[in-house]
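*Asks:*
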Amino acid sequence: MLSASPKHWALVLATAAALLLGARPASAQLHDRVLLEELIPVLAGSELGRLELGPAPLPGATRVVRRQEVLAALRAAGRTSEGLQIPRARRVTRAAQRLSPSEVRALLRPALARALSPCKVDSIQVHTPLTLSAGPVTVRTTARAPRRSGRLGAAFTLSSGGRDKQMVAPVSVTCPEPTIASGRALRIVAVVGNVRASISGFAKQDGRVGDLIHVVTTSHKSLRARVLDSSTVQVLQ
Numbered sequence: 031m032l033s034a035s036p037k038h039w040a041l042v043l044a045t046a047a048a049l050l051l052g053a054r055p056a057s058a059q060l061h062d063r064v065l066l067e068e069l070i071p072v073l074a075g076s077e078l079g080r081l082e083l084g085p086a087p088l089p090g091a092t093r094v095v096r097r098q099e100v101l102a103a104l105r106a107a108g109r110t111s112e113g114l115q116i117p118r119a120r121r122v123t124r125a126a127q128r129l130s131p132s133e134v135r136a137l138l139r140p141a142l143a144r145a146l147s148p149c150k151v152d153s154i155q156v157h158t159p160l161t162l163s164a165g166p167v168t169v170r171t172t173a174r175a176p177r178r179s180g181r182l183g184a185a186f187t188l189s190s191g192g193r194d195k196q197m198v199a200p201v202s203v204t205c206p207e208p209t210i211a212s213g214r215a216l217r218i219v220a221v222v223g224n225v226r227a228s229i230s231g232f233a234k235q236d237g238r239v240g241d242l243i244h245v246v247t248t249s250h251k252s253l254r255a256r257v258l259d260s261s262t263v264q265v266l267q
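Reading the sequence shown from the start, the letters are residues 31 to 267 in my numbering.
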């Protein structure tokens, strides 16, 4: 056992009691690193308690953290072990939740519907269960609304318990017809201050109102422009 000065005995006794009771601070269970407060619960919420001892185990797995690792982390942080009762070894776990394919699809759909608007999500293909850290799940996606109906691969990040899980799922969508179709003749507008000028050109991409598309002028200059209506785009400044 490590020595402790008399002024730290209260802390030592509280630490020992907490260890015997097996207490675990809830905040640490939501972290993707093992924190010192998980081994010494009396430190929960303190600066020292937030000292990182290395990566946490994967959801549903365990990791044994030994006293030597704690001492090394303390030294690296410029701290001492005085007054701390450090266990010889402690097994750290991370609770997991296993989601069925239908549960995963239900989680993905709202985020996907927002990202792909005005397209409608017809189906999301998920065929295998997914294991995540326990806790509420938030979903982010980098998917963007396609210009035509069809299939696409949508990338997702699911976050829970301080960990992120990436996945890709095939998605089928139905999209409204483009306001402007590729090859359509249109008016290309440019606005600079109070001056408004326009020139004829052609669309090089499909696009709906608000979309940015590539257009080309009759003088063969390629530009990026925002769709205003079925026959007009405005050049980006």
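Virtual Cβ for every residue (Gly too), placed ideally from N, Cα, C. A quick note: this is a predicted structure, and the numbers were derived from the prediction, not measured.
#1: Go through the stretch 92-124 residue by residue and report every complete run of the beta strand (DSSP E) that reaches 3 residues or more, in order.
#2: Taking C-alpha atoms, which residue in Thr262, Arg178, Cys205, Gly192 lies nearest to Val221?
#3: Rounded to the nearest angstrom, what separates Thr123 and Gln196 at their Cα positions?
#4: Report yes if the C-beta distance between Arg238 and Ile210 is below 9 Å; otherwise report no.
#5: Taking the Cβ atom as the reference point for each residue, do Arg181 and Pro200 lie within a distance shorter than 9 Å?
#6: Note down the Cα distance separating Arg109 from Leu66, rounded to an integer number of angstroms.
#7: Return the residue from the list Gly213, Arg193, Gln267 that minimises the CA-CA distance to Gly223.
#8: Let me check understanding here. Comparing Cα to Cα, which of Arg121, Ala107, Val265 lies closest to Ala91?
#9: How close, in whole Å, do the beta carbons of Leu138 and Phe186 come, if the pair is a contact with beta carbons under 8 Å?
#10: Check whether the Cβ atoms of Ala86 and Gly192 lie closer than 9 Å to each other.
#11: Tell me which residue opens and which closes the alpha helix (DSSP H) that Arg139 is part of.
#12: Would you list, in sequence order, the uninterrupted alpha helix (DSSP H) runs of no fewer than 4 residues that lie entirely inside the stretch 197-240?
#13: Report the three-state DSSP secondary structure of Leu166 (helix, strand or coil).
#14: Mind checking which residues open and close the beta strand (DSSP E) that includes Glu82?
#15: Could you tell me if Gly231 is buried or exposed, where buried requires 16 or more neighbouring beta carbons within 10 angstroms of its beta carbon?
#16: Tell me which residues share the same chain as Val100 and place their Cβ nearer than 8 Å to its Cβ, disregarding the 5 neighbours each side in the sequence.
#17: Name, in chain order, the residues that DSSP records as bridge partners for Val151.
#18: Give the straight-line distance between the Cα atoms of Ala74 and Thr204, rounded to the nearest whole angstrom.
#19: Using the Cα positions of Lys150 and Ala184, report the straight-line distance between them to the nearest angstrom.
#20: If I follow the unbroken alpha helix (DSSP H) through Leu242, where does it start and stop?
*Replies:* To lay it out plainly:
#1: Those beta strand (DSSP E) runs which fall completely within the stretch 92-124 and span 3+ residues are 92-96, 119-123.
#2: Taking only the C-alpha atoms, the option nearest Val221 is Thr262.
#3: Each residue's Cα considered, the two are about 22 Å apart.
#4: For Arg238 and Ile210, yes; Cβs fall inside 9 Å.
#5: Cβ atoms of Arg181 and Pro200: closer than 9 Å.
#6: Rounded to the nearest angstrom, the two C-alpha atoms are 12 Å apart.
#7: Checking every option, the nearest Cα to that of Gly223 belongs to Gln267.
#8: Minimum Cα distance to Ala91 is reached at Arg121.
#9: So it is a contact: roughly 6 Å between Cβ atoms.
#10: In this structure, Gly192 lies closer than 9 Å to Ala86 by Cβ.
#11: From DSSP, the alpha helix (DSSP H) with Arg139 extends over 131-146.
#12: Listed in chain order, nothing qualifies, since the stretch 197-240 has no complete alpha helix (DSSP H) run of 4 or more residues.
#13: This sequence places Pro at residue 166; Leu is not what is there. DSSP, reduced to helix, strand and coil, places Pro166 outside both helices and strands of the structure shown, so it counts as coil.
#14: Run containing Glu82: 82-85, per the beta strand (DSSP E) assignment.
#15: Gly231 is classed as buried because its beta carbon has at least 16 other beta carbons within 10 Å across all chains shown.
#16: Excluding positions up to five away in sequence, the list reads Leu66, Leu69, Leu83, Ser111, Ile116.
#17: DSSP output for Val151 lists Val203 as bridge partner(s).
#18: Rounded to whole angstroms, the gap between the alpha carbons of Ala74 and Thr204 is 51 Å.
#19: Near 14 Å, if we compare the C-alpha coordinates of Ala184 and Lys150.
#20: Element bounds for Leu242: not the alpha helix (DSSP H) but the beta strand (DSSP E), 242-247.
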